[in-house]
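What follows is a single structure, written as structure tokens, with notes after it.
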Amino acid sequence: MDFNYSTRYTMILVTGGTGFLGRHITRALEKTGKNIRLISRTPEKHRDLAKAGVSLFEADIRDAPSLERAMEGVTHVVHAAALMSFWKKKREAMRAINVDGTRNLLWACEKHPIKKFVHISAMAVIGEPVDPLVTVVDESTPMKPPKNPIAYAETKLRAEEEVLSAAEREVPAVILIPPAIVGPGNWEESSAVFFKMMYQGPRFYTDSFLEMVAAVDVAEAARLMLASPHRSGERFFLVARRMHSREFFGKIAKSVGKPEPGLKMPTGLLKTMGFLSEAASLITGKEPLVTVDAARLMTTPLPWRFDGSRITREIPFTYQDIDRVIEDAGRRFLEERGR
Numbered sequence: 000m001d002f003n004y005s006t007r008y009t010m011i012l013v014t015g016g017t018g019f020l021g022r023h024i025t026r027a028l029e030k031t032g033k034n035i036r037l038i039s040r041t042p043e044k045h046r047d048l049a050k051a052g053v054s055l056f057e058a059d060i061r062d063a064p065s066l067e068r069a070m071e072g073v074t075h076v077v078h079a080a081a082l083m084s085f086w087k088k089k090r091e092a093m094r095a096i097n098v099d100g101t102r103n104l105l106w107a108c109e110k111h112p113i114k115k116f117v118h119i120s121a122m123a124v125i126g127e128p129v130d131p132l133v134t135v136v137d138e139s140t141p142m143k144p145p146k147n148p149i150a151y152a153e154t155k156l157r158a159e160e161e162v163l164s165a166a167e168r169e170v171p172a173v174i175l176i177p178p179a180i181v182g183p184g185n186w187e188e189s190s191a192v193f194f195k196m197m198y199q200g201p202r203f204y205t206d207s208f209l210e211m212v213a214a215v216d217v218a219e220a221a222r223l224m225l226a227s228p229h230r231s232g233e234r235f236f237l238v239a240r241r242m243h244s245r246e247f248f249g250k251i252a253k254s255v256g257k258p259e260p261g262l263k264m265p266t267g268l269l270k271t272m273g274f275l276s277e278a279a280s281l282i283t284g285k286e287p288l289v290t291v292d293a294a295r296l297m298t299t300p301l302p303w304r305f306d307g308s309r310i311t312r313e314i315p316f317t318y319q320d321i322d323r324v325i326e327d328a329g330r331r332f333l334e335e336r337g338r
């Protein structure tokens with residue numbers, strides 16, 4: 000599916016374009032040959048991204064006037080900017096970026112009408128099925144709101160609500176909902192941290208399952224959705240595979256030349272570690288290695304699985320093989336470490 004615009008001129012604004020996922024999105028959008036504008040608070044630090052067709056614009060998603068300036072001449076938006084943290088101390092920062100920032104951007108889009116807005120949400124916003132017997136969940140499954148969500152999930156849920164509200168006001172928005180995103184990039188961000196963790200240790204697993212998708216798949220889905228005719232307010236799950244954490248971490252460990260994790264972390268011990276790490280952070284001021292919210296996320300059982308097949312039926316999109324994605328990411332990790 001190629002871009003189908005009524006005008007020759009196209010400018011795609013990408014928020015979060017300098018981050019882990021945003022860089023993958025930018026590379027996918029470069030295939031279109033269209034103009035791409037990345038916003039950054041510190042564009043001078045990301046000059047490596049500036050090239051033919053890709054420009055950097057100084058703006059802060061928390062600052063509405065700067066976003067209005069950034070939106071001048073923009074026809075399409077991919078909103079990937081988000082702060083992801085499992086440390087409750089960053090709750091207000093996450094609210095400012097994930098919720099207020101999304102609202103600011105949508106306001107700017109209403110003042111500068113656009114053709115399509117693609118919002119990158121997170122699987123953390125999904126609650127549990129209304130029917131407790133349901134074992135497979137897709138976009139049409141009746142769901143309850145999340146109970147007592149972690150801070151990150153709460154802010155992403157509110158951000159999605161802002162997008163859905165704007166969609167009712169005729170902002171042409173669609174929502175992509177990925178789970179754990181796998182791929183190379185900044186090894187301090189998103190699920191890429193698992194490669195560093197399996198390389199350096201400690202290597203352990205929990206009795207839980209993870210849904211996952213390749214970063215390049217999220218990027219490609221965003222590119223295709225910019226041109227799709229789907230109605231405003233529609234949501235799409237992006238799920239390539241489900242794995243037990245032992246299998247997932249084992250594959251990552253193997254990809255970076257390390258032994259598979261042999262320690263099954265007891266749920267109670269991991270939660271205690273989170274509590275003690277957060278208590279220690281009150282003294283050190285440093286972000287804890289394990290937080291209470293992270294422990295909750297890593298140990299909460301999911302008796303159902305997510306079905307991400309709808310998008311493959313409605314647009315020409317196929318998922319990458321996750322095993323190969325992990326192998327390639329591990330190879331990149333070792334190359335960047337000079338191994």
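Going by numbering that gives the first Met the number 0, the first residue of the sequence shown is number 0, and it counts up by one from there. C-beta atoms are modelled at their ideal positions from N, C-alpha and C, and glycine is treated no differently. Remember, predicted model here, so these are calculated numbers, not experimental data.
Rounded to whole angstroms, Arg-222 and Thr-154 show a C-alpha spacing of 25 Å.
The C-beta distance from Ala-220 to Ile-321 rounds to 15 Å, too long to meet the 8 Å contact threshold. In the DSSP annotation of this structure, the continuous segment of the alpha helix (DSSP H) that includes Asn-103 starts and ends at 100–110. Glu-210 is bridged by DSSP to Arg-241.
Each of Leu-55, Lys-114, Leu-209, Glu-188 was checked against the Cα of His-229, and the nearest Cα belongs to Lys-114. With the rule of 3 Cβ pairs closer than 8 Å, the segment 249–267 does not count as touching the segment 141–160. With a cut-off of 8 Å on Cβ pairs, the segment 97–108 is not in contact with the segment 127–142, counting fewer than three such pairs.
Closest in alpha carbon position to Pro-148, among Gly-307, Arg-295, Leu-333, is Arg-295.
In the structure shown, Pro-42 falls within a helical segment according to DSSP collapsed to helix, strand and coil. Within the segment 177–221, the complete beta strand (DSSP E) runs of at least 3 residues fall at 179–181, 208–213. Of the residues Phe-332, Ala-172, Ser-244, the one whose Cα lies closest to the Cα of Gly-182 is Phe-332. In terms of CA proximity to Ala-279, Trp-86 leads the group Leu-82, Ala-214, Trp-86.
A straight line joining the alpha-carbon of Ala-172 with that of Ala-49 spans about 27 Å. According to the DSSP secondary-structure assignment, His-78 is paired through a beta bridge with Thr-14, His-118.
Here the segment 199–215 lies against the segment 230–245, with 3 or more beta-carbon pairs under 8 Å apart. The C-alpha of Leu-104 lies about 42 Å from the C-alpha of Pro-265. In this structure, Ala-107 is the residue among Ala-107, Gly-52, Val-77 with its C-alpha nearest to the C-alpha of Glu-71.
Taking Arg-168 as the centre and dropping the five residues before and after it, the same chain places the C-beta of Glu-109 closer than 8 Å to its C-beta, in chain order.
Around the CB of Arg-323, fewer than 16 other CB atoms lie within 10 Å, so the residue is classed as exposed. In this chain, the alpha helix (DSSP H) harbouring Leu-163 covers 150–167. In the three-state reduction of the DSSP assignment, Asn-147 falls in the coil class, being assigned neither a helical nor a strand state. Closest in alpha carbon position to Leu-275, among Leu-225, Asp-292, Ser-84, is Asp-292.
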